[in-house]
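The structure under discussion appears below in the form of structure tokens.
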Amino acid sequence: MRPTARQVAELANVSVATVSYVLSGRDRPVAAETRQRVLDAARQLGYTPNQAARSLRKRRTQRVCLVLSSIGGVPSDERLARDLHEMADARGYSVVALAVYSEARANAAIDVLRGGIADGALINVVGDHLTHDLLSGLAATGLPMVVLSNESGLEGCDVVRTPETEACVEAVEHLLAQGRRRIAFLAHRHELYRDRPVGRLLGYTTALDRHGVTERIITSGADDRVAAYQTATELLRSPDRPDAIFAASDRAAISAIWAARDAGLSVPGDVAIVGAGNIDEGLITTPQLSTVGPLRHDYTDVVRLLFDRLQAEEAPPAREIVRSWTFLRRGSS
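The opening position of the sequence shown corresponds to residue 25 in my numbering, with each subsequent residue numbered one higher.
In structure tokens:
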């Protein structure tokens with residue numbers, strides 16, 4: 025695997041941004057001794073920045089790239105894409121999209137971006153396919169980037185954080201306060217293959233731990249409606265069925281409501297159901313869906329970060345936006 029800017033930075037004991045300044049020739053003050061350490065480290069590792077990718081800052085393509093885990097099917101991604109297209113149209117840019125759903129697709133996406141397909145990138149990829157090193161190495165080429173991620177330590181790009189965990193804790197504690205004790209969690213597949221729980225799954229386990237509930241009912245099923253319906257049906261038709269379901273997406277939670285109805289169960293009487301995402305569809309279910317999610321649905325502030333970078337004469341300092349989540353209690357719980 026090719027060496028990354030982060031590896032150069034670690035060997036030279038400097039930041040990734042400093043590596044970028046030295047190797048891109050940008051007019052930033054870097055001490056001569058530091059500059060030499062970076063050059064020596066790059067030479068030792070065989071690291072050479074891609075010249076085509078560095079030329080992206082000249083904005084010759086008039087394209088921006090949207091990088092997602094999948095194309096279509098995720099309401100928040102659809103809104104992000106719409107807001108990006110609208111601002112791109114207004115500013116004379118076109119939009120290209122890449123899907124990253126595997127390690128191979130992640131490496132291919134990085135290669136395409138380094139190769140100059142677009143002048144900047146807006147990246148929202150869940151799971152571990154786009155690693156910290158891949159993102160940092162891409163940012164070090166000088167490509168204007170905005171990354172939606174709760175991971176720490178990203179440098180050289182703007183970061184949009186969505187702290188989900190505490191709102192999820194509140195949702196599960198709401199279920200516990202009603203006397204629910206067999207609470208199932210319908211997870212996204214990528215949540216089940218991490219070394220430790222994060223985000224929504226972490227909120228679920230944290231709430232149960234706080235209240236001394238040892239039973240964990242964790243299963244996949246949140247990635248699409250059909251899988252969620254099938255999983256919820258199996259759970260709700262079992263002899264020891266759960267008395268509550270917390271789904272990692274609203275789409276999965278709505279499928280769980282359908283499964284409960286078809287199993288002859290009442291919501292929330294027999295089983296309480298909570299989703300995640302706060303999509304509009306949750307307001308027209310019967311009963312209305314309790315959920316955790318953002319109160320703000322548009323992404324114009326996020327998209328503006330990217331175009332601010334594209335139009336800046338010099339790369340601005342890295343910025344951060346926090347889009348908070350909250351628990352919204354409705355009829356399903």
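Note that CB positions come from ideal geometry on N, CA and C, so glycine has one too. For clarity, every value in this text was computed on a predicted model and none was experimentally measured.
- Going by beta carbons, V316 and A191 fall inside the 8 angstroms limit.
- Ranking R224, E34 and L232 by CA distance to the CA of D274 puts R224 first.
- For V54, there is no enclosing beta strand (DSSP E), since its DSSP letter is neither H nor E.
- With 16 or more other Cβ atoms from the protein chains shown falling within 10 Å of its own Cβ, L162 counts as buried.
- Take the alpha-carbon of A132 and the one of V91: they are about 12 angstroms apart.
- Assigned with DSSP and collapsed to three states, T315 falls in strand.
- Counting C-beta pairs closer than 8 angstroms gives three or more between the stretch 182-196 and the stretch 225-237, which meets the contact rule.
- When L259, T309, V183 and L319 are compared, the shortest CA-CA separation from P341 is found for V183.
- The way I'd put it, the stretch 201-210 doesn't touch the stretch 169-189; fewer than three beta-carbon pairs between them come closer than 8 angstroms.
- Short of 6 angstroms from the beta carbon of S176, and not among the five residues preceding or following it, lies no beta carbon of its own chain.
- Going by DSSP, S279 is part of the alpha helix (DSSP H) stretching over D274 to D286.
- G144 and L167 have their C-alpha atoms spaced approximately 6 angstroms apart.
- DSSP, reduced to helix, strand and coil, places I345 within a strand of the structure shown.
- Less than 8 angstroms separates the beta-carbon of A284 from that of L260.
- Secondary structure at S118: strand, using DSSP grouped into helix, strand and coil.
- In this structure, V40 lies away from R26, with their beta-carbon atoms at least 8 angstroms apart.
- Note on geometry: alpha-carbon atoms of R115 and R328 lie some 11 angstroms from one another.
- If you ignore the 5 residues before and after Q202, its C-beta comes within less than 7 angstroms of the C-beta of A296, all in its own chain and listed in chain order.
- The C-alpha of V171 lies about 32 angstroms from the C-alpha of A280.
- Taking a C-beta distance under 8 angstroms as the contact criterion, T165 and R138 qualify as a contact pair.
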